[in-house]
Each structure stands twice: as C-alpha cells, then as structure tokens.
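Engineer: Mapping of the sequence shown onto numbering that gives the first Met the number 0: position 37 corresponds to residue 36, and the numbering continues sequentially without gaps. All C-beta atoms in this analysis are idealised placements derived from N, C-alpha and C, irrespective of residue type, glycine included. Model, not experiment: these values are computed from the prediction.
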Amino acid sequence: MEVTLSADLTKQVEQELASGRYHTPDELIEQAVRHFLDERQRGQNRLEALRRIGQAADEAGVYERVLLPGNE
C-alpha cells in the first residue's frame with residue numbers, strides 16, 4: 000500500500016520522526032490508523048449504549064413522565 004500525504008501532514012510526520020517519538024513513518028501511520036479505528040469503535044459503542052438507554056427509557060415511560068408531568 001502506498002499513501003500520499005499533503006505537504007502539511009508530511010511536515011508533521013517529519014517533525015514527529017525528528018522528535019524521536021517514532022522511528023519510521025510506517026510506525027507513526029500505523030499508530031494513527033489504529034487510534035482512528037479505536038476511536039471510531041468507541042463512538043459506535045457509545046451510540047449503541049445511548050440507543051439502549053433510550054429504548055429502556057421509552058419502554059419504562061420515562062419520557063411521558065418527564066415531558067408530561069401529572070400524567071402518571
């Protein structure tokens with residue numbers, strides 16, 4: 000696989016390499032992709048949890064009790 004980065008990103012990669020945090024561009028890009036995928040998965044997990052919470056609240060009639068007080 001070959002990846003072409005913008006001039007700005009290339010400069011940032013070079014700065015990271017110069018700092019000694021990464022030894023090769025491949026190492027930095029691999030970590031960046033892993034981080035991206037992990038964060039995306041966390042976001043999907045949070046969204047699914049919120050859906051389950053919303054469904055449970057709906058089934059329990061929470062919305063009606065909160066939005067329409069006095070209709071218990």
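Can you tell me the Cα-Cα spacing of F35 and A59, whole angstroms?
Structural biologist: Stepping through the sequence shown from its first residue, residue 35 is reached at position 36. Stepping through the sequence shown from its first residue, residue 59 is reached at position 60. Each residue's alpha carbon lies about 36 Å from the other.
Engineer: Is the beta carbon of L27 sitting closer than 9 Å to the one on E38?
Structural biologist: Here residue 27 is taken as the residue at index 28 of the sequence shown, counted from 1. Here residue 38 is taken as the residue at index 39 of the sequence shown, counted from 1. Against a cut-off of 9 Å, the Cβ pair of E38 and L27 comes out as no contact.
Engineer: Along the chain, where does the alpha helix (DSSP H) containing G76 start, and where does it finish?
Structural biologist: Here the chain covers residues 0 to 71 and nothing more, so residue 76 does not appear.
Engineer: Looking at the structure shown, is L16 part of a helix, part of a strand, or coil, going by DSSP?
Structural biologist: Taking the first residue of the sequence shown as position 1, residue 16 is located at position 17. Here L16 sits in helix by DSSP.
Engineer: In angstroms with no decimal places, state the Cα-to-Cα distance between I52 and R64.
Structural biologist: On the sequence shown, residue 52 is found 53 positions in, with the first residue counted as 1. On the sequence shown, residue 64 is found 65 positions in, with the first residue counted as 1. One C-alpha to the other measures close to 16 Å.
Engineer: Starting from E63, trace the alpha helix (DSSP H) both ways and give me its first and last residue.
Structural biologist: Mapped onto the sequence shown, residue 63 falls at position 64. V61 to L66 is the extent of the alpha helix (DSSP H) around E63.
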